[in-house]
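Under my numbering, residues 61 to 177 are what the sequence shown spells out, in order.
Below is one structure; the comments refer to it alone.
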Amino acid sequence: QVQLVESGGGLVQAGGSLRLSCAASGSIFSINAMGWYRQVPGKQRELVAAITSLGSTNYADSVKGRFTISRDNAKNVALQMNSLKPEDTAVYYCNARIYGALILDYWGQGTQVTVSS
Numbered sequence: 061q062v063q064l065v066e067s068g069g070g071l072v073q074a075g076g077s078l079r080l081s082c083a084a085s086g087s088i089f090s091i092n093a094m095g096w097y098r099q100v101p102g103k104q105r106e107l108v109a110a111i112t113s114l115g116s117t118n119y120a121d122s123v124k125g126r127f128t129i130s131r132d133n134a135k136n137v138a139l140q141m142n143s144l145k146p147e148d149t150a151v152y153y154c155n156a157r158i159y160g161a162l163i164l165d166y167w168g169q170g171t172q173v174t175v176s177s
C-alpha cells in the first residue's frame, strides 16, 4: 500500500508559476514510477508528466517546455509549472505506479490549480 499527499495548488494569473509537491509513504521502495495527472469536469483524467525510478521522464505535449517533473528520493515528487495558461486549470492528482503481476495505481486526493486570464 502507498499513501500520497499532495500540496501546492492554488490560484495564479496566466503566465505565472506554481509548484506541486507529493509525498509518498508506505511501500515506497516498490514504486516504479510517479507522475501527475489532471482532470477537468466532464473529461477523462490525463497524464501531465511522469518519472520512473531510473529518472526517465515523459510529458504531455501540451506542457512540454513549461512543466518539469522531478523526484528527489524514493518518496517525493514535484511538478514545477511555469508559463501557466488558463487551459491548465484542473484538479491535479499525484500517482504512484507499481509494476508486477498486475499494475497497481495509487492516487492522492487531488489539488486544485486555477489559472486566471
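Every residue gets a Cβ at the ideal spot worked out from N, C-alpha and C, and that includes glycine.
In this text, all values refer to a predicted model and were calculated from it rather than measured experimentally.
Going by DSSP in three states, residue i sits in which element: helix, strand or coil?
i	result
VAL194	Outside the shown range of the chain (61 to 177) lies residue 194, about which nothing can therefore be said.
ILE163	strand
ILE111	strand
Since I believe residue j is in contact with residue i (beta carbons under 8 Å), could you give me their beta-carbon distance rounded to a whole number of angstroms?
i	j	result
GLY95	LEU80	Their Cβ separation, rounded to whole angstroms, is 11 Å, which puts GLY95 and LEU80 out of contact at 8 Å.
ARG105	TYR153	7 Å
Tell me the rounded alpha-carbon separation between residue i and residue j.
i	j	result
VAL123	ASN142	9 Å
ILE88	VAL72	32 Å
ALA134	GLN63	13 Å
LEU144	GLY125	11 Å
Apply the 10 Å Cβ neighbour rule to residue i and answer buried if 16 or more other Cβ atoms are within range, or exposed otherwise.
i	result
TYR119	buried
GLU147	exposed
DSSP puts residue i in a beta bridge; with which residues?
i	result
ARG157	ALA93 and ASP165
GLU66	CYS82
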